[in-house]
Amino acid sequence: MIKEPEYKICSEDDIPQILEVYKQSYKEHYLYLWTDNGENYMNTSFTKEKIISEMNVPQTQFYLIYDQELAIGVLKINNNKSAEGKKDTNALEIERLYFLKEAAGKGLGKATLKMVLQLAAHENKKTIWLKAMKCSDALKFYEKQNFKVTAEMDLTYPFIKDELKGMVVMEKEVK
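Just so we're aligned: 164 in full-length UniProt numbering is position 164 of the sequence shown, and the numbers increase by one with no gaps anywhere.
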């Protein structure tokens, strides 16, 4: 039997742990996307100042995800944010869902999506949505969880490899 992960709603006190998980998981999963090994992206996206500014957005919530008392993931959600190209704000966005490599295959991603769906249902949201890299294994995972591709786009960050900049927007109806 898979033990359910534990979730901790984060405050500014948790920023060092958030950054540690962000950086380690990003290095384990995404460096292949970049011509500079992800340095520019990580140096601008994974800073204390950036996380504080994101936490100060009232609709944004961070969670540390624990397995056996070890922080193995971070979830960032945005409430009342419409999906790309849509106007309906009665939705919840999963902006980031990062897990350390050691968490793979334990059912923690599936359990976390279930938790997000329950949260969205409790708040009477119509959909949850996210963006995923076309070249990522996560895309197949989200498809297995019944997310549907609703739009496509390209990332425009400096140093991203042209052939790997494709992304999809995926949505799932909240029931």
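Positions of the beta carbon are idealized from the N, C-alpha and C atoms, including for glycine.
Assigned with DSSP and collapsed to three states, Val-57 falls in coil, not helix or strand.
The shortest C-alpha to C-alpha distance from Asn-146 to any of Phe-159, Thr-127 and Lys-172 is the one to Lys-172.
Cβ atoms of Ile-128 and Leu-117 come within 8 Å of each other, at about 6 Å.
If you look at Tyr-26, you'll find it in the alpha helix (DSSP H) that goes 15-29. Counting only runs of at least 4 residues, the segment 68-129 fully encloses the following alpha helix (DSSP H) elements, listed from N- to C-terminal order: 108-122.
With a contact defined as Cβ atoms closer than 8 Å, Tyr-142 and Ala-132 qualify at about 6 Å. Using a C-beta cut-off of 8 Å, the segment 81-88 makes no contact with the segment 38-58, since fewer than three inter-stretch Cβ pairs fall below that distance.
Residue pairing from DSSP places Leu-64 in a beta bridge opposite Lys-8 and Val-74. In terms of CA proximity to Asn-124, Lys-175 leads the group Leu-19, Lys-175, Glu-49 and Lys-3. Under the 10 Å beta carbon count, Phe-159 is surrounded by fewer than 16 other beta carbons and is classified as exposed.
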